[in-house]
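The next block holds one structure in the form of structure tokens; read it before the comments.
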Amino acid sequence: MEAPTRTGVAAATGDGGLSALLSTEFLISASGNKAHIHAHGQKKGNVMFRIHESETSCNCHLIKSVSHSILYDTICEINADLQVNPKDIEGKTIGLYFAANWFQRCVSFTPLLFYSSMPWPAVPFGDVNSKRSLSHKFQIEGIPALIILEPGGGLIQTEGVEILHRHGLQAFPFTSERIAELEAEEKRKYASQTLEKLLAISGKDHMIKHNDQVTFSSLVGTTVGLYFAAQWCPPCLKFSSRLISVYNHLQERREEFEVVFVSMDRDEAGFSRYFSGMPWFALPYDEESSKALARYFDIQEIPMLVIIGPDGKTVTKEGRNLINLHMEMAYPFTEARIRLLQEKMDEEAKQYPSSFKHEGHRHVLNLVSEKSGGGPFICCACDEQGLGWAYQCLACGYEIHLKCGREVKTQETDRQADADGSSCSLGAGRQ
């Protein structure tokens, strides 16, 4: 029997915080079996449900009654002995959460988003009309999506996922005024940022290198790359080798550049294995400390290389992209340096043919710039980030770096790394 897949809509409710989610999640079984909802638990008015595959249908119905007909109250009769009271959500801030547990970004956004773990009430899985109505009402074009409604049903936010990624529960009640306050706090925080203050966010007072402890102050006045990565992430392993090459070249040139590894590994053993092959510093392994620093920079995917300037201020979060494009020539990663490199790329692009046939694609590829459709992209040849000039098949969405138009990859290791994707979501490695 094929494994079931899920798609659906969910809603969140909260008083004083995002305390409960009312979710609609649809279980689609390839076997054709129906499903019923089983009570997983109940605490402080929050009911958790789990959808099971079975031959028994759910005895549930929806009543359109509150929140100005935007949200449907739910009365679910579960095993004939438990009902969810529709009044439980009255007077609360509502979050409509559109998600599916087969989609990695959804699983990563809420690390325990598998349906059996959801600590909130559930709308019956079989009400496809409600799903379509809510999706149409809020113009949901992708998941995960979190729509925030005020207690009266009025719309507060459509970017709930991004807001929670960036601010967490501090964003409650998610109003524009509250978000403005948090953004103002961020500006003040970044304005007073120093390298020592930044690294102290991790809760540590030192770094390590070859079993030695090194104080943060030793890097003051240096351009520093904070490298967020994990041993379980194939794209991290691939980029690490490139970063090591760049690092070694800059060390040979005696440039003032250092790297500090911020581990996103699942355990200390994984951290130790990964760090053993790195020539730079690392923060001592601590999952919560690493998460705190990742939240500071709103990092949702790895690998990520954040560049900190000699003054302790953030230069760019695009260190990985810049190294992929320019290798050690990207140093010191400033706007002036990148502008100079871009001008150089513009001149070099004039030497490339306007179109050519690449062995990796069946159509002719055309030379495009950022202004004529190049833009940010993931190279289909090397699976790394790209920006600006590219060879592109607009019809198929196929794009490659200019340099990849001249390179032929033959090693199996390269092909395997490409197949593993261009980045890893932070939640993916913590399941």
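For the sequence shown, the positions run 1 to 431 when UniProt numbering is used. Where is the CB? At the ideal position from N, CA and C, for every residue including glycine.
Between which two residues does the alpha helix (DSSP H) carrying residue i extend?
{"i": "residue 473", "result": "In the structure displayed, the chain extends from 1 to 431; residue 473 sits before or after that span and is not available."}
{"i": "residue 344", "result": "335-349"}
{"i": "residue 135", "result": "128-137"}
Identify the residues that DSSP records as bridge partners of residue i: which are they?
{"i": "residue 392", "result": "366 and 399"}
{"i": "residue 424", "result": "302"}
{"i": "residue 384", "result": "Bridge partners of residue 384: none, in fact."}
{"i": "residue 323", "result": "Answer is none; residue 323 lacks a bridge partner."}
{"i": "residue 260", "result": "226 and 281"}
{"i": "residue 218", "result": "According to DSSP, which records beta bridges pairwise, residue 218 is partnered with nothing at all."}
The beta strand (DSSP E) with residue i in it runs from where to where?
{"i": "residue 305", "result": "304-308"}
{"i": "residue 482", "result": "Nothing about residue 482 can be reported from this structure: the residues present for the chain run from 1 to 431 only."}
{"i": "residue 274", "result": "It is not in any beta strand (DSSP E) - residue 274 instead sits in the alpha helix (DSSP H) that spans 268-275."}
{"i": "residue 149", "result": "145-149"}
{"i": "residue 225", "result": "223-229"}
{"i": "residue 140", "result": "Run containing residue 140: none; DSSP gives neither H nor E here."}
{"i": "residue 155", "result": "155-157"}
{"i": "residue 315", "result": "314-316"}
{"i": "residue 355", "result": "355-357"}
Compute the beta-carbon to beta-carbon distance between residue i and residue j, rounded to the nearest angstrom, for a pair I have assumed lies under 8 Å.
{"i": "residue 179", "j": "residue 163", "result": "7 Å"}
{"i": "residue 166", "j": "residue 298", "result": "5 Å"}
{"i": "residue 290", "j": "residue 202", "result": "7 Å"}
{"i": "residue 149", "j": "residue 96", "result": "7 Å"}
{"i": "residue 310", "j": "residue 215", "result": "At roughly 17 Å, the Cβ-Cβ gap does not stay under 8 Å, so residue 310 and residue 215 are not in contact."}
{"i": "residue 341", "j": "residue 326", "result": "5 Å"}
{"i": "residue 257", "j": "residue 331", "result": "6 Å"}
{"i": "residue 231", "j": "residue 274", "result": "4 Å"}
{"i": "residue 146", "j": "residue 160", "result": "3 Å"}
{"i": "residue 98", "j": "residue 135", "result": "7 Å"}
{"i": "residue 235", "j": "residue 423", "result": "5 Å"}
{"i": "residue 396", "j": "residue 379", "result": "Not a contact, Cβ separation roughly 14 Å."}
{"i": "residue 151", "j": "residue 92", "result": "6 Å"}
{"i": "residue 387", "j": "residue 376", "result": "5 Å"}
{"i": "residue 308", "j": "residue 314", "result": "6 Å"}
{"i": "residue 402", "j": "residue 349", "result": "7 Å"}
What do you reckon, is the C-beta of residue i under 8 Å from a heavy atom of the ligand MG?
{"i": "residue 319", "result": "The ligand MG is not among the ligands present in this structure, which contains no ligands whatsoever."}
In chain order, which alpha helix (DSSP H) runs of at least 4 residues are fully inside the stretch 159-215? As far as the stretch 159-215 is concerned, its whole alpha helix (DSSP H) runs of at least 4 residues are 160-167, 176-191 and 195-200.
Do the stretch 219-226 and the stretch 299-317 meet, that is, are 3 or more Cβ pairs less than 8 Å apart? yes
How do the stretch 191-205 and the stretch 246-259 stand: do at least 3 beta-carbon pairs fall below 8 Å, yes or no? no
Determine, using beta-carbon pairs with one atom in the stretch 274-283 and one in the stretch 257-264, whether at least three such pairs fall under 8 Å. yes
Quick check: the stretch 170-185 against the stretch 149-159, are at least 3 beta-carbon pairs closer than 8 Å? yes
Given 8 Å, three or more beta-carbon pairs between the stretch 318-328 and the stretch 238-245: Counting Cβ pairs under 8 Å, three or more are found: they touch.
So, do the stretch 377-392 and the stretch 354-369 have three or more beta carbon pairs nearer to each other than 8 Å? yes
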